[in-house]
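Visitor: Residue numbers (our numbering): 42 to 443.
1) With DSSP as the reference, label residue 299 as helix, strand or coil.
2) Per DSSP, which one or two residues make a beta bridge with residue 52?
3) In its own chain, which residues sit with a C-beta less than 6 Å from the C-beta of residue 61, not counting the 5 before and 5 after it?
4) Use the C-beta contact count for residue 208: other C-beta atoms within 10 angstroms, 16 or more gives buried, fewer gives exposed.
5) Determine, using beta-carbon pairs with one atom in the segment 77-94 and one in the segment 48-57, whether at least three such pairs fall under 8 Å.
6) Can you tell me whether residue 175 is helix, strand or coil according to DSSP?
7) Looking only at its chain, what residues have a beta carbon closer than 7 Å to the beta carbon of residue 345, apart from the 5 residues adjacent to it on each side?
8) Could you tell me the distance, in whole angstroms, from the CA atom of residue 261 to the CA atom of residue 167?
9) So, residue 435 versus residue 66, is the Cβ gap smaller than 9 Å?
10) Consult DSSP for residue 168 and reduce its assignment to one of helix, strand or coil.
11) Using 10 angstroms around the beta-carbon of residue 401, count the other beta-carbons present and answer buried if the total reaches 16, otherwise exposed.
12) Give me the Cβ distance between residue 407 and residue 383, rounded to the nearest whole Å; I'm assuming they're in contact under 8 Å.
13) Who are the Cβ neighbours of residue 283 in its own chain at under 7 Å, not counting the five residues just before and after it?
14) Looking at residue 159 and residue 388, is the spacing between their C-beta atoms short of 9 Å?
15) Given residue 250, which residues of its chain have a CB within under 7 Å of its CB, disregarding the five upstream and five downstream residues?
16) Among the residues of its own chain, which have a CB less than 8 Å from the CB of residue 265, if the five just before and after it don't count?
17) With 16 as the cutoff for other CB atoms within 10 Å, does residue 95 come out buried or exposed?
18) With which residues is residue 384 paired in a DSSP beta bridge?
19) For residue 84, collect the residues of the same chain with a Cβ closer than 8 Å to its Cβ; drop the 5 residues on either side in sequence, then sort them by chain order.
20) Could you have a look at residue 135 and say whether DSSP puts it in helix, strand or coil?
21) How should residue 104 be labelled, buried or exposed, when 16 other C-beta atoms within 10 angstroms of its C-beta is the threshold for buried?
22) Please list the terminal residues of the continuous alpha helix (DSSP H) segment that includes residue 253.
23) Quick one: Cα of residue 115 to Cα of residue 107, how far?
24) Can you tell me which of 177, 437, 405, 285 puts its alpha carbon nearest to the alpha carbon of residue 64?
25) Sort out for me which residues DSSP pairs residue 404 with in a bridge.
26) Helix, strand or coil for residue 46 per DSSP?
27) Should residue 231 be labelled buried (16 or more other beta-carbon atoms within 10 Å of its own) or exposed?
28) When you compare only the Cα positions, how much space is there between residue 348 and residue 331?
29) To the nearest angstrom, how far is it from the Cα of residue 429 to the Cα of residue 303?
30) Under three-state DSSP, which class holds residue 430?
31) Go to residue 66, then tell me how far its beta strand (DSSP E) extends in each direction, as first and last residue.
32) Quick one: Cα of residue 289 to Cα of residue 76, how far?
33) For residue 163 and residue 391, which I take to be in contact (beta-carbon distance under 8 Å), what is that distance rounded to the nearest angstrom?
34) By how many angstroms is the C-alpha of residue 198 removed from the C-alpha of residue 100?
35) Enumerate in chain order the residues of its own chain whose CB-to-CB distance from residue 380 is below 6 Å, with the five nearest sequence positions on each side excluded.
36) Taking 9 Å as the threshold (C-beta atoms), are residue 88 and residue 178 in contact?
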């Protein structure tokens with residue numbers, strides 16, 4: 042997979058920009074706030090139809106303009122394609138692939154797979170479970186479109202279920218205890234207003250709709266957990282090997298997927314998950330939200346069998362993050378039969394020289410986009426053979442082969 046060229050119109054600080062890229066290495070150098078990350082963001086947008094920096098489409102449009110455009114020419118499976126994204130200030134987007142409107146995100150995913158490594162990724166070990174789930178969701182969605190489909194179905198059902206729980210009940214936690222927990226049978230039989238005091242007495246619980254949502258959550262949730270477990274096992278194997286190599290054999294990395302769900306592979310797996318979600322319903326009613334499912338899961342990291350989040354040094358945690366990114370590249374090659382595109386956004390300065398050089402040595406066969414305020418001379422020598430771009434206030438100057 043390659044990014045051949047890009048056209049930006051009214052995108053961030055780029056009013057009108059056309060660039061042809063090197064098929065191997067693209068080094069983007071400039072001071073802070075000059076537009077380096079904006080260029081990386083435009084490439085990312087091509088792959089995901091969204092930014093990694095903001096959820097507001099209007100933020101991507103140049104100040105004072107009503108629309109913007111990102112048009113990217115890519116090569117995938119030896120076929121050149123054009124992805125054209127029109128951005129509107131009302132938050133809407135129109136995406137076209139080779140001139141044809143794309144109406145589903147799944148039609149965009151997998152056209153070009155990008156892996157981004159930024160300073161935020163160095164904090165993945167210490168960050169919240171939500172950030173680690175987002176990491177898995179992002180990578181799996183573009184490598185396995187069926188995963189994205191399951192994730193969308195799950196999130197849609199979860200949103201509806203949570204709205205139902207919140208809308209039908211007014212939880213009074215001051216008086217509601219497990220001892221006086223009102224069961225679903227009480228709701229069915231029409232308990233008195235006094236008996237139903239923990240709830241909003243003006244409404245009745247729509248159990249039929251809850252069954253529908255729980256069934257949808259179980260079906261999609263089963264697929265999500267299955268994909269995540271397989272991906273985590275691959276990550277553990279590949280990242281473990283890389284970590285072992287970086288540490289000179291001193292450190293062994295293990296990655297585990299943690300879920301509170303009873304997961305069993307096979308035809309009965311969905312029924313088992315549905316049963317568990319169903320039996321958790323009283324708790325969901327009390328909480329006012331769905332408290333069980335893959336939206337609550339996490340991944341954990343262990344170095345020499347010790348929890349890296351609790352006991353890992355900052356250097357070890359950064360090495361894990363680096364190992365994860367390099368493992369993602371390996372996995373993408375296995376899944377897609379061709380290397381992905383790698384975006385390194387101001388991350389080299391966060392790594393010591395040894396880790397910088399190790400990273401560069403492992404990415405010979407991927408197209409690389411790297412941004413930095415400055416590069417170490419030794420790393421520049423390692424990166425020879427690419428194209429250098431200098432950016433100043435949205436103006437890009439190309440320096441041919443360096």
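For every residue, glycine included, the Cβ atom is placed at its ideal position computed from N, Cα and C.
Guide: Inspection of the coordinates gives the following:
1) Of the three classes helix, strand and coil, the one that applies to residue 299 here is strand, per DSSP.
2) Beta-bridge pairing links residue 52 to 55, 102.
3) Once the five neighbours on either side are set aside, the close Cβ partners of residue 61 are 46.
4) With fewer than 16 Cβ atoms within 10 Å of its Cβ, residue 208 is classed as exposed.
5) Cβ pair count under 8 Å is three or more, so yes.
6) Shown here, residue 175 sits in a helix according to DSSP, grouped into three states.
7) Its chain contains 292, 293 as the residues whose beta carbon lies nearer than 7 Å to that of residue 345, once the 5 sequence neighbours on both sides are disregarded; these appear in chain order.
8) Rounded to whole angstroms, residue 261 to residue 167 spans 28 Å at the Cα level.
9) No, Cβ-Cβ distance for residue 435 and residue 66 is not below 9 Å.
10) Residue state, collapsed to three classes: coil.
11) Residue 401 counts as buried, since at least 16 other C-beta atoms from the protein chains shown sit within 10 angstroms of its C-beta.
12) 5 Å between Cβ atoms; contact.
13) Result list for residue 283: 364, 367, 368, in chain order.
14) Yes.
15) Within the same chain, Cβ atoms closer than 7 Å to the Cβ of residue 250 are found at 205, the five residues on either side in sequence being excluded.
16) Residues of the same chain with a CB within less than 8 Å of the CB of residue 265, apart from the 5 flanking positions on each side, are 188, 191, 192, 195, 335 in chain order.
17) Residue 95 is exposed by the Cβ-count criterion.
18) DSSP, once it has assigned bridges, lists 157, 410 as partnering residue 384.
19) Taken in chain order, the residues that qualify are 44, 47, 113, 155, 382, 384, 410.
20) In this structure, residue 135 counts as strand in the three-state DSSP scheme.
21) Only exposed fits residue 104, as fewer than 16 other CB atoms lie within 10 angstroms of its CB.
22) Counting along the chain, the alpha helix (DSSP H) containing residue 253 begins and ends at 248-287.
23) Here the alpha carbon of residue 115 sits roughly 27 Å from the alpha carbon of residue 107.
24) The candidate whose alpha carbon is nearest that of residue 64 is 405.
25) DSSP lists no bridge partner for residue 404.
26) In the structure shown, residue 46 falls within a strand segment according to DSSP collapsed to helix, strand and coil.
27) Note that residue 231 scores a pLDDT of 47, beneath 50, so its modelled location is shaky and nothing firm can be said.
28) Residue 348 and residue 331 have their C-alpha atoms roughly 28 Å apart.
29) In a straight line, the C-alpha of residue 429 is about 52 Å away from that of residue 303.
30) In the structure shown, residue 430 sits in a strand (DSSP, three-state: E or B).
31) 66-70 is the extent of the beta strand (DSSP E) around residue 66.
32) Roughly 38 Å between the two C-alpha positions.
33) About 6 Å separates the two Cβ atoms, so the contact holds.
34) Answer to the nearest angstrom: the Cα atoms are 29 Å apart.
35) If we look at residue 380 and ignore the five residues flanking it on each side, its Cβ neighbours are 374, 406, 407.
36) Residue 88 sits away from residue 178, with the two beta carbons spaced by 9 Å or more.
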